[in-house]
Amino acid sequence: MIGVGKAKQYSNVLDKPLSKGKQEVSLSAFSFLFSELVQYNQTQVDNIAELERRLEDAGYSVGARVLELLCHREKGNRRETRLLGILSFVHSTVWKVLFGKVADSLEKGTEHEDEYMISEKELLVNRFISIPKDMGTFNCGAFVAGIVRGVLDGAGFPAVVTAHFVPVEGQQRPRTTILIKFAEEERSETGLSSLHIPALLSSNLVQFIWSRWRSWLLQSTFHLLDTLSFPIYTVSSLTCE
Amino acid sequence: MSRASGPRSGDAIFASVERVNAELFTLTYGAIVRQLLTDLEEVEEVNKQLDQMGYNIGIRLIDEFLAKSNVGRCVDFKETAEMIAKVGFKMFLGVTASVTNWDADGTCCSIVLEDNPLVDFVELPDTCQGLYYCNILSGVIRGALEMVSMKTEVTWIRDVLRGDDAFELQVKLLKQVPEEYPYKDDE
């Protein structure tokens, strides 16, 4: 039989051991594929904005999976819960795995508090792409912007992410800047993400349970006996912490 | 690397070209397939579109293949198939393939892939059972061979995603088109 051993059968894709992520394909193979992605999407749209949105959507689905994969493999099943933490995760870990290098820079916007920028002199996806004049500011980096948005969104930091060309002095080709604008509620540096919420809530929870318990005490004994066991258990376990 | 030396091995070429993480490639391909499934809805249409994309890639990829592999003209279809399996797959995808199941007159064979970077993390849902997930590969082979004057038909025989034990592509030579264009051939 051919391929015995290597092409081992797994009934479920989840049973398959997770690869170490060291496998590689040639850059040309990826570039050919990416160019097909762009060309196909060009046939589906009427304008540049729509094209960027579709590329971003494709990237988003990559980003969502990358987050899951990398948190599992590189971070021991932990996910960043701070805004700066997740940004540096994108800038270093995600970039390193996907593009083989840490991104050139991660900066905070000077004009707006909630804006951050990841810049790359030569974004991998733009390596073999030149934009025709009539397509204006179109940037295939929209795909990478989508990846970033997918990662951030999955980690609980929704943001609007866009890709822009920024001319560099003395360089023929502009660099690409990925602009990240966080949604309103993420403005504070400590970003309220799901992992923080239980800790913050717990004191509220104690109060809540106490108030409920008091109101139950006022109710009939019969009712109280019925429901008492649960709140008491919860309160004691919380105060023990 | 000197031009005068003979054909280079797939390993040597793969080691010398720029490479990217296979996961980026895999996930990007997945994004493409998902987008096609959403846009086209019919699995059959998706198969067709993937094949078309592969064809588009193939007709461009052959140039790079010839430039980097330094292979000369293949004497027969057998040698061509070996080249695809041993050099082509290796230099682009970093995997090796083998050629088997030749028919009597040497115009039809199977290329068997042991490893396929396109399908990591992939499982076909019930709604996509008719999907040839890797159909882009058959298009690439068809496109590339067409550029070296060989009309072929490439079909999937086995597919791990459909429960088989390997990926097997059947490549059938339909006809050898006489060269009509002034293809540049220095020799």
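These protein sequence lines map, in sequence, to chains A and B.
Residue numbering for the first sequence follows this note's numbering, starting at 340 and increasing by one per position.
Residue numbering for the second sequence follows this note's numbering, starting at 919 and increasing by one per position.
Ideal Cβ placement from N, Cα and C applies to all residues, glycine included.
query: Helix, strand or coil: how does DSSP classify phenylalanine 496/A here?
result: Counted from its first residue, the first sequence places residue 496/A at position 157. In this structure, phenylalanine 496/A counts as coil in the three-state DSSP scheme.
- prompt: Since lysine 1008/B is in the alpha helix (DSSP H), which residue starts that stretch and which ends it?
  reply: Taking the first residue of the second sequence as position 1, residue 1008/B is located at position 90. Its alpha helix (DSSP H) spans residues 1007 to 1011.
- prompt: What residues in its chain sit with their C-beta under 8 Å from that of valine 405/A, if we drop five residues either side in the sequence?
  reply: Locating residue 405/A in the first sequence gives position 66, where the first residue counts as 1. For valine 405/A, the CB contacts under 8 Å within the same chain, skipping 5 residues up- and downstream, are Val433, Val436, Leu437, Ile486, Gly489 and Val490 in chain order.
- prompt: Quick one: Cα of asparagine 965/B to Cα of alanine 949/B, how far?
  reply: Numbered from 1 along the second sequence, position 47 holds the residue referred to as residue 965/B. Numbered from 1 along the second sequence, position 31 holds the residue referred to as residue 949/B. Whole-angstrom Cα-Cα distance: 15 Å.
query: Short check: CB of aspartate 1010/B to CB of serine 358/A, under 8 Å?
result: For the purposes of this step, residue 1010/B is taken as the residue at position 92 of the second sequence. For the purposes of this step, residue 358/A is taken as the residue at position 19 of the first sequence. Note that residue 1010/B corresponds to phenylalanine in the displayed sequence, not to aspartate. No, Cβ-Cβ distance for phenylalanine 1010/B and serine 358/A is not below 8 Å.
message: Could you check whether tyrosine 973/B and leucine 1036/B sit closer than 8 Å to each other, using their CB atoms as the reference points?
response: Position 118 of the second sequence holds residue 1036/B. Position 55 of the second sequence holds residue 973/B. No. Outside cutoff.
query: In or out: histidine 411/A buried (at least 16 other Cβ within 10 Å) or exposed?
result: For the purposes of this step, residue 411/A is taken as residue 72 along the first sequence, with counting starting at 1. Under this definition histidine 411/A is an exposed residue.
task: Just mark threonine 516/A as buried or exposed, buried being the case when its beta carbon has 16 or more other beta carbons within 10 Å.
output: Residue 516/A sits at position 177 when you count from the first residue of the first sequence. Buried, by the Cβ-count rule.
task: Answer yes or no: does any C-beta atom of chain A fall closer than 8 Å to that of threonine 946/B?
output: Along the second sequence, one-based indexing puts residue 946/B at 28. Output row for threonine 946/B: interface = yes.
query: Under 7 Å Cβ-Cβ, which residues of chain A neighbour proline 1035/B?
result: Mapped onto the second sequence, residue 1035/B falls at position 117. Listed by position along chain A, the residues whose Cβ is nearer than 7 Å to that of proline 1035/B are Gln362 and Val364.
- prompt: First and last residue of the beta strand (DSSP E) that includes alanine 1015/B?
  reply: For the purposes of this step, residue 1015/B is identified with residue 97 of the second sequence, where counting begins at 1. Unbroken beta strand (DSSP E) run through alanine 1015/B: 1015 to 1018.
field: Neighbour list for alanine 940/B in chain A, Cβ cutoff strictly below 7 Å
entry: Reading the second sequence from its first residue, position 22 is the one you call residue 940/B. Going along chain A in sequence order, the residues near alanine 940/B (Cβ under 7 Å) are Gln362, Glu363 and Val364.
message: Beta carbons nearer than 8 Å to chain B: which residues of the region 449 to 474 of chain A have them?
response: Leu463
Whole-angstrom distance between valine 1013/B and alanine 930/B, CA atom to CA atom: Walking along the second sequence from the start, residue 930/B turns up at place 12. Walking along the second sequence from the start, residue 1013/B turns up at place 95. Between alanine 930/B and valine 1013/B, the C-alpha separation is close to 13 Å.
- prompt: Rounded to a whole number of angstroms, what is the C-alpha to C-alpha distance between isoleucine 387/A and phenylalanine 477/A?
  reply: Here the question's residue 387/A lines up with position 48 in the first sequence. Here the question's residue 477/A lines up with position 138 in the first sequence. So the alpha carbons of these two residues sit roughly 6 Å apart.
query: Between the beta-carbon of valine 993/B and the beta-carbon of proline 925/B, is there less than 8 Å?
result: Along the second sequence, one-based indexing puts residue 993/B at 75. Along the second sequence, one-based indexing puts residue 925/B at 7. Not closer than 8 Å, so no.
- request: Work out the CA separation of lysine 440/A and arginine 937/B for me, nearest whole Å.
  value: The sequence position of residue 937/B within the second sequence is 19, counting from 1. The sequence position of residue 440/A within the first sequence is 101, counting from 1. The alpha-carbon atoms of arginine 937/B and lysine 440/A are separated by roughly 12 Å.
query: Could you check where the alpha helix (DSSP H) with leucine 426/A kicks off and where it finishes?
result: Counting from one through the first sequence, the residue named residue 426/A turns up at place 87. That run of the alpha helix (DSSP H) goes 422 to 427.
- prompt: For the putative contact between alanine 498/A and alanine 481/A, defined by C-beta atoms under 8 Å, what is the C-beta separation to the nearest angstrom?
  reply: Within the first sequence, the letter at position 159 stands for residue 498/A. Within the first sequence, the letter at position 142 stands for residue 481/A. The pair is not a contact, with the Cβ atoms about 14 Å apart (cut-off 8 Å).
query: Can you tell me the Cα-Cα spacing of glutamine 510/A and isoleucine 519/A, whole angstroms?
result: As a position in the first sequence, residue 510/A is number 171, starting the count at 1. As a position in the first sequence, residue 519/A is number 180, starting the count at 1. About 24 Å.
message: Does chain B have any CB closer than 8 Å to the CB of valine 490/A?
response: Looking up residue 490/A in the first sequence gives position 151. By this cut-off, valine 490/A is not an interface position.
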